[in-house]
Amino acid sequence: MYALGIESSCDDTSVAIVDKRRVLSNIVVSSLRFHKIYGGIVPEIATRNHLKFIDKVLNTSIKEANIDLRKIGVIGFTYTPGLTGALVVGVNFAKALSLVLSKPLVGVNHLYAHLYAPFLNNNINFPFPFIGLVVSGGHTGLFLVRDFDRVKCIGRTRDDAAGEVFDKVARAFGLGYPGGVYIDKIFEKKYKDCFEFKCGRLGLDFSFSGIKTALIYKKSEFKKKRMLSEELKVKLLSSFQESIAKVIVYNTILAAKQYKIKTLVCGGGVIANRRLRELLKTASVKNGLNLLLSPPHLSCDNAAVVAGLAFYLYNIKRRESKFNIKVSSN
Ligand code: KG4
Ligand code: ZN
Numbered sequence: 000m001y002a003l004g005i006e007s008s009c010d011d012t013s014v015a016i017v018d019k020r021r022v023l024s025n026i027v028v029s030s031l032r033f034h035k036i037y038g039g040i041v042p043e044i045a046t047r048n049h050l051k052f053i054d055k056v057l058n059t060s061i062k063e064a065n066i067d068l069r070k071i072g073v074i075g076f077t078y079t080p081g082l083t084g085a086l087v088v089g090v091n092f093a094k095a096l097s098l099v100l101s102k103p104l105v106g107v108n109h110l111y112a113h114l115y116a117p118f119l120n121n122n123i124n125f126p127f128p129f130i131g132l133v134v135s136g137g138h139t140g141l142f143l144v145r146d147f148d149r150v151k152c153i154g155r156t157r158d159d160a161a162g163e164v165f166d167k168v169a170r171a172f173g174l175g176y177p178g179g180v181y182i183d184k185i186f187e188k189k190y191k192d193c194f195e196f197k198c199g200r201l202g203l204d205f206s207f208s209g210i211k212t213a214l215i216y217k218k219s220e221f222k223k224k225r226m227l228s229e230e231l232k233v234k235l236l237s238s239f240q241e242s243i244a245k246v247i248v249y250n251t252i253l254a255a256k257q258y259k260i261k262t263l264v265c266g267g268g269v270i271a272n273r274r275l276r277e278l279l280k281t282a283s284v285k286n287g288l289n290l291l292l293s294p295p296h297l298s299c300d301n302a303a304v305v306a307g308l309a310f311y312l313y314n315i316k317r318r319e320s321k322f323n324i325k326v327s328s329n
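What follows is the structure in structure tokens.
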């Protein structure tokens, strides 16, 4: 049997079909181009575009997977966290499909779905318990994962999410959206320590808003003095990215030590960042930890991770959601 997954928590409308851990289709349509002029995601625009796209995305996904709809055994969907209106579209679409096809529903947490990415298209054993690191545009958190239905948050950002800070800083520097992708591209290792930007942390919690403000002030200072060359911008942004990556790695390793856990599992859009991946790999080797990274193409929002997790929860953990399940923005 197959699992069908639906993701609509932010700007991506996605429908995927998986056969156990194998991804048969994973169609993602983003409304990003309609948000770009505002420099961030506008919830109303996201909701309207989910409504516009979702049935077409479903049809394309089924066509690509080339399966008989009757062989779908479960319908997974993101019900939390995310933009309320955006989630409502996906949840109600899932409910309608469940009625039409007479199939069970499994609502999944978007953050835990990000942690499922390293387990798709392979047969790696699930290394429970593990430390889960989710770094995305809306969230930055550390989790103690005993199983996918036994997850405890052990660290979180106290203010902005890491991806959000990448996006805001990139905007201040006149780069495109989503900012993380642009900053990742222009990062130069030789400039990583040019400026000493520090990220806040308290225990296993993060704080990213201070570094954002510090960087934007520094940029204005240089601009006033007419010193803001393209090279200086790269130096500033490389030092900024290095500092963000370092604090994420520091807290993740600390979490593994505190909880005496030997495996790290990482997911979310920011995990696509090349320097962060490199630092996570180095630190894991140094500390004798097993590291599972979400592959870059499954790091950003997509429904394959939702379908995969729903398959697991339904078949292994015998979980099923009630038809009256409601969305929850956080
Ligand atoms: O997981 P995701 O697609 O959506 C949320 O759940 O929020 O993450 C999107 C975030 C954006 O903030 C984007 O700037 C960031 O992931 N991102 C990156 C990279 N690719 C995407 N950040 C740093 N480096 C990247 N290569
Ligand atoms: Zn996400």
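For the sequence shown, position 232 (counting from the first letter as 1) is numbered 231 according to numbering that gives the first Met the number 0, and the numbering increases by one without interruption. Here a beta-carbon is modelled for each residue, glycine too, at the ideal position from N, C-alpha and C. Note that the coordinates shown come from a computational prediction; the quantities given were computed from them, not determined experimentally.
Cα separation between residue i and residue j?
| i | j | result |
| --- | --- | --- |
| Ser283 | Thr262 | 9 Å |
| Leu288 | Thr281 | 10 Å |
| Leu290 | Lys223 | 44 Å |
| Asn91 | Leu50 | 11 Å |
| Cys299 | Val305 | 12 Å |
| Ile215 | Glu6 | 34 Å |
| Asn301 | Leu174 | 24 Å |
| Gly39 | Ile185 | 21 Å |
| Arg274 | Val99 | 46 Å |
| Ala45 | Ala85 | 6 Å |
| Asp67 | Ser29 | 27 Å |
| Lys211 | Arg317 | 44 Å |
| Phe147 | Thr156 | 22 Å |
| Asp159 | Leu231 | 25 Å |
| Val269 | Asn58 | 29 Å |
| Leu201 | Asn250 | 9 Å |
| Lys94 | Arg47 | 18 Å |
| Met226 | Glu220 | 9 Å |
If I'm right that residue i touches residue j with Cβ under 8 Å, what's the distance once you round it to whole angstroms?
| i | j | result |
| --- | --- | --- |
| Ile380 | Leu203 | Any answer about residue 380 is impossible in this case: the structure gives the chain only from 0 up to 329. |
| Val27 | Ile53 | Wrong, their Cβ atoms sit about 12 Å apart, outside the cutoff. |
| Val107 | Phe127 | Wrong, their Cβ atoms sit about 17 Å apart, outside the cutoff. |
| Ser327 | Pro42 | Their Cβ separation, rounded to whole angstroms, is 15 Å, which puts Ser327 and Pro42 out of contact at 8 Å. |
At which residues does the alpha helix (DSSP H) containing residue i begin and terminate?
| i | result |
| --- | --- |
| Val164 | Ala161 to Ala171 |
| Glu195 | From DSSP, Glu195 is part of no alpha helix (DSSP H); its letter is neither H nor E. |
| Lys256 | Glu229 to Gln257 |
| Val284 | Arg273 to Lys285 |
| Asn48 | Pro42 to Ala64 |
| Val99 | Thr83 to Leu100 |
| Tyr311 | Ala303 to Asn314 |
Using a Cβ-based criterion (distance less than 7 Å to any ligand heavy atom), does residue i qualify as near the ligand ZN?
| i | result |
| --- | --- |
| Ser327 | no |
Looking at the unbroken beta strand (DSSP E) that takes in residue i, where does it start and where does it end?
| i | result |
| --- | --- |
| Asp204 | Asp204 to Ser206 |
| Gly267 | Element bounds for Gly267: n/a, residue is neither H nor E. |
| Asp183 | Per DSSP, Asp183 belongs to no beta strand (DSSP E); it is in the alpha helix (DSSP H), Gly178 to Ile185. |
| Leu23 | Arg21 to Ser29 |
The ligand KG4 and residue i: does the residue's C-beta get closer than 7 Å to at least one heavy atom of that ligand?
| i | result |
| --- | --- |
| Glu6 | no |
| Ala271 | yes |
| Cys9 | yes |
| Glu163 | yes |
| Asp166 | yes |
| Pro117 | no |
| Pro177 | yes |
| Gly84 | no |
| His34 | no |
| Asp158 | no |
| Asp67 | no |
| Val248 | no |
| Gly140 | no |
| Leu296 | The sequence as given places His at residue 296; Leu does not occur at that position. Not under cutoff, so the answer is no. |
| Gly75 | no |
| Gly307 | no |
| Asp146 | no |
| Val150 | no |
| Asp183 | yes |
| Gly38 | no |
| His49 | no |
Is there a Cβ from chain B that is less than 8 Å from the Cβ of residue i?
| i | result |
| --- | --- |
| Gly202 | Protein chain content of the structure displayed is limited to a single chain, and chain B is not contained in it. |
For the ligand ZN, which residues have a Cβ under 5 Å from at least one heavy atom, in chain order?
Ser135 and Asp300
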